[in-house]
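S.K.: Residue numbers (our numbering): 3 to 472.
Cβ coordinates follow ideal geometry from the N, Cα and C atoms, glycine included.
Quick caveat: nothing in here was measured; it's all calculated off a predicted structure.
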Amino acid sequence: MKTVKTKLLCIFCLIVVIVSCNDDSLRIDSEPEFNSFLEDISSLPGEVITLEAVISDPAGVKSININYDKWFLDKTIVKDSLPDIYNLSYRFKVPDDEDEFSVHKISVTVTNAGDVATIKDVVVTLDKDIAAPVIMVNSPLDASTVLIGNGDEISFDVDLTDRELSEFKIESDILNETIALNGSATYKYSKSLDVLTPGSYTFNITAKDVSGNDTQASVTVNVVTDLQFPAMYLTDETSDAALNQDLFGIPFSTTASQATGENGYVFKALYYSKSANSEVRFIPQKESFSPFAFGANANNAGKLTLGSDATVNPIVVPGVGYYEISIDVRDLSYTVTPYTPTDATFNQVYVLGRGIFVDATTSTCTKNADGSTQCWHFNSGKPLVQDSDNQYLWSLDVTVKDQPDDNGANGFILNANPNGWAPFWRTNTEDRSIAVPGGGGNYVFEDSALDKDYTFIFDTHLNRVIIKNR
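In structure tokens, the structure reads:
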């Protein structure tokens with residue numbers, strides 16, 4: 003009997019020891035800790051965001067739950083290996099239909115091996131600023147020319163806009179300035195600059211916002227001691243607004259003489275006059291009639307007069323047809339000479355590429371033979387319309403937009419062969435208004451040019467392309 007009791011006592015002690023050992027294993031006095039944690043996230047509807055944290059617990063991380071009922075988010079990550087350090091990185095998408103500027107709280111619950119839990123909240127605010135600041139350089143005009151005078155040769159008038167601006171910077175050989183803007187939505191930079199030495203000065207402007215977005219712009223001003231210009235343009239427009247209605251091609255480029263003593267003074271333009279008594283003017287700055295505009299001296303035939311706006315008396319082109327118009331600003335003289343082109347004409351000219359729609363419906367990606375999609379190919383070229391009075395002049399009204407269901411660049415090439423690549427024209431990469439026969443580079447529309455209506459004008463004799471708003 004004693005032996006039985008002894009055996010029972012031994013069994014009871016063994017059970018107590020086992021239970022005691024199990025109790026010790028469950029007696030966990032640690033709790034999960036967030037050693038680093040991204041508690042605030044700025045995002046936008048439809049954007050993918052990442053929850054990040056470094057979590058530690060000596061007892062071992064058992065599970066992580068990420069929960070937000072409104073977004074149907076309930077993700078549990080279970081770790082069988084019970085790591086004492088876990089790097090959380092969980093990606094998910096914000097619903098597309100969520101309200102911008104709304105605020106949302108996502109719970110992150112970490113549980114250790116002893117079922118002890120720690121909860122942290124991530125605050126997601128849908129206010130992310132992805133738009134870069136807008137820079138509007140009102141003056142000086144790019145590529146403008148000013149005379150050295152009594153001071154204040156260059157006057158700056160620059161407007162910035164953004165949700166929260168942080169910095170304005172202007173850099174050049176003669177002016178360097180950085181201004182903190184402290185979250186303002188608008189800023190105007192005004193300054194007059196006294197320039198003592200003639201030359202070409204480029205001013206690089208940078209605007210930054212508090213989210214780190216930045217925008218750059220540059221403007222070049224030529225400061226001269228006399229009327230010498232690095233470039234000259236011909237125009238038959240009559241207002242600054244008309245000069246800026248195009249993607250490129252207005253005003254017309256001219257050719258500067260490279261002869262000794264003539265560089266910067268003598269320029270030649272080739273021009274097609276659509277009607278008798280066309281009126282043209284020369285301007286050395288591309289975007290405005292100010293500060294210099296050259297026209298005809300009403301009291302002295304063949305002589306130029308210098309004005310400061312579009313009211314300067316025009317040079318009159320007497321007939322219909324092609325003319326060579328030359329000016330010399332040294333003696334303020336000009337000549338107007340008619341000529342007849344002798345180069346070949348074409349039965350048809352086509353535009354091909356991607357994102358160009360005729361009548362807003364027929365795309366230059368629509369293959370002419372069967373209606374399938376084939377972008378950037380002569381098989382899909384669409385015909386321009388020949389001018390009834392000029393066999394060299396072609397035009398077409400188009401709409402430019404992103405090509406649906408197709409990836410690639412939105413742009414164009416011109417050609418005169420629906421069955422092959424020759425002859426073709428692409429644009430000069432430095433002056434897009436110049437068409438280069440058998441060469442050049444593909445023109446690609448900037449995103450800001452999409453979803454707008456334009457008129458294409460192409461002169462195969464002048465090799466000149468104009469794309470203007472309509």
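Leaving out the 5 sequence neighbours to the left and right, which residues in its chain are closer than 8 Å to P97 when beta-carbon positions are compared?
M.R.: Residue numbering aside, residue 97 sits at position 95 when the sequence shown is read from its first letter. Answer for P97: P47, G48, W73, listed in chain order.
S.K.: DSSP three-state call for D453: helix, strand or coil?
M.R.: The residue given as residue 453 occupies position 451 in the sequence shown. It is coil, neither helix nor strand.
S.K.: So, V282 versus D238, is the Cβ gap smaller than 8 Å?
M.R.: Position 280 of the sequence shown, counted from the first residue, corresponds to residue 282. Position 236 of the sequence shown, counted from the first residue, corresponds to residue 238. Contact: yes.
S.K.: Would D161 and S141 be called neighbours here (beta carbons separated by less than 8 Å)?
M.R.: Here residue 161 corresponds to residue number 159 of the sequence shown, with the count starting at 1. Here residue 141 corresponds to residue number 139 of the sequence shown, with the count starting at 1. Not a contact, by the Cβ cut-off of 8 Å.
S.K.: Let me make sure I understand the geometry here. Which of H463, K470, W427, Q376 has the alpha-carbon closest to that of V402?
M.R.: Taking the sequence shown and counting its residues from 1, one reaches residue 402 at position 400. The shortest C-alpha separation from V402 is found at K470.
S.K.: Applying the criterion that 16 or more other CB atoms from any shown protein chain within 10 Å of the CB defines a buried residue, is N302 buried or exposed?
M.R.: As a working note, residue 302 is residue 300 in the sequence shown. With fewer than 16 other Cβ atoms within 10 Å, it is exposed.
S.K.: Counting C-beta neighbours from all protein chains within 10 Å, is the total for P293 16 or more, i.e. buried, or is it exposed?
M.R.: Start at 1 with the first residue of the sequence shown, and residue 293 comes out as number 291. Per the 10 Å Cβ criterion, buried.
S.K.: Of all the options Y456, K193, A182, V226, which has the alpha carbon lying nearest to the alpha carbon of Y203?
M.R.: The residue given as residue 203 occupies position 201 in the sequence shown. If we check each option's Cα against that of Y203, V226 comes out closest.
S.K.: So, is M3 buried or exposed, given that buried needs 16 or more other C-beta atoms within 10 angstroms?
M.R.: Walking along the sequence shown from the start, residue 3 turns up at place 1. At M3, the pLDDT of 48 sits below 50, so the modelled position is not reliable; the number obtained from the coordinates is stated separately. So M3 ends up on the exposed side.
S.K.: Near V400, which residues of its chain fall below 8 Å by C-beta distance, leaving aside the five closest residues on each side in sequence?
M.R.: Residue mapping note: residue 400 aligns to position 398 of the sequence shown, counting from 1. Around V400: V353, I358, F359, V360, D455, Y456, T457, F458.
S.K.: Using C-beta distances below 6 Å, list every residue in its chain close to I87, excluding the 5 sequence neighbours before and after it, in chain order.
M.R.: One-based indexing of the sequence shown puts residue 87 at position 85. Same-chain partners within the cutoff: S58.
S.K.: Quick check on the burial criterion: 16 or more other C-beta atoms within 10 angstroms. Buried or exposed for W396?
M.R.: Locating residue 396 in the sequence shown gives position 394, counting from the first residue. Burial call: buried.
S.K.: Please state whether DSSP places C23 in a helix, a strand or coil.
M.R.: For the purposes of this step, residue 23 is identified with residue 21 of the sequence shown, where counting begins at 1. Note on C23: pLDDT 46, under 50, position unreliable in the model; no value is reported.
S.K.: Considering only the alpha carbon of each residue, which of R434, I415, E432 lies closest to F426?
M.R.: Along the sequence shown, read from residue 1 onward, the residue named residue 426 stands at position 424. When each option's Cα is compared against that of F426, the closest is I415.
S.K.: Cα-Cα, which of D117, E100, V125, N114 is closest to T106?
M.R.: For the purposes of this step, residue 106 is identified with residue 104 of the sequence shown, where counting begins at 1. It should be noted that the sequence gives His, not Thr, for residue 106. Of the candidates D117, E100, V125, N114, the one whose C-alpha sits nearest the C-alpha of H106 is V125.
S.K.: Quick one: is S390 buried, meaning 16 or more other Cβ sit within 10 Å of its Cβ, or exposed?
M.R.: Locating residue 390 in the sequence shown gives position 388, counting from the first residue. S390 comes out exposed.
S.K.: For a cutoff of 8 Å on Cβ pairs, would you count Y88 as touching chain C?
M.R.: Looking for chain C here will not work: only one protein chain is present.
S.K.: Helix, strand or coil for F380, going by three-state DSSP, please let me know.
M.R.: Here residue 380 refers to the residue found at position 378 when the sequence shown is read from its first residue. F380 falls in the helix class under three-state DSSP.
S.K.: Label F103 either buried or exposed according to how many other C-beta atoms from any shown protein chain fall within 10 Å of its C-beta, with 16 as the threshold for buried.
M.R.: Here residue 103 corresponds to residue number 101 of the sequence shown, with the count starting at 1. When all chains shown are included, F103 counts as exposed.
S.K.: Assign R472 to buried or exposed, taking buried as 16 or more other Cβ atoms, counted over all protein chains shown, within 10 Å of its Cβ.
M.R.: Numbered from 1 along the sequence shown, position 470 holds the residue referred to as residue 472. Result: exposed.
S.K.: Could you tell me which of E54, Y191, A187 sits nearest to E179, measuring between CA atoms?
M.R.: Counted from its first residue, the sequence shown places residue 179 at position 177. Answer by Cα proximity: Y191.
S.K.: Run the CB neighbour count on G251, radius 10 Å, all protein chains shown included, and call it buried at 16 or more, exposed below.
M.R.: On the sequence shown, residue 251 is found 249 positions in, with the first residue counted as 1. Buried.
S.K.: CB V318 to CB Y325, shorter than 8 Å?
M.R.: Sequence index remark: in the sequence shown, residue 318 carries index 316 (1-based). Sequence index remark: in the sequence shown, residue 325 carries index 323 (1-based). Result no, Cβ atoms of V318 and Y325 do not sit closer than 8 Å.
S.K.: What are the start and end residues of each continuous alpha helix (DSSP H) run of 4 or more residues lying completely inside the region 175 to 263, in chain order?
M.R.: Qualifying alpha helix (DSSP H) stretches, in chain order: 242 to 245.
S.K.: For R93, count neighbouring C-beta atoms within 10 Å of its own C-beta (all shown protein chains included) and say buried if the count is 16 or more, exposed if not.
M.R.: As a working note, residue 93 is residue 91 in the sequence shown. Its Cβ having fewer than 16 others within 10 Å, R93 is exposed.
S.K.: Where I436 and L245 are concerned, what is the direct C-alpha to C-alpha distance, given to the nearest angstrom?
M.R.: Within the sequence shown, numbered from 1, the residue matching residue 436 stands at position 434. Within the sequence shown, numbered from 1, the residue matching residue 245 stands at position 243. Each residue's alpha carbon lies about 17 Å from the other.
S.K.: State the Cα-Cα distance for the pair P420 and F380, rounded to the nearest angstrom.
M.R.: Indexing the sequence shown from 1 puts residue 420 at position 418. Indexing the sequence shown from 1 puts residue 380 at position 378. P420 and F380: Cα-Cα distance of roughly 5 Å.
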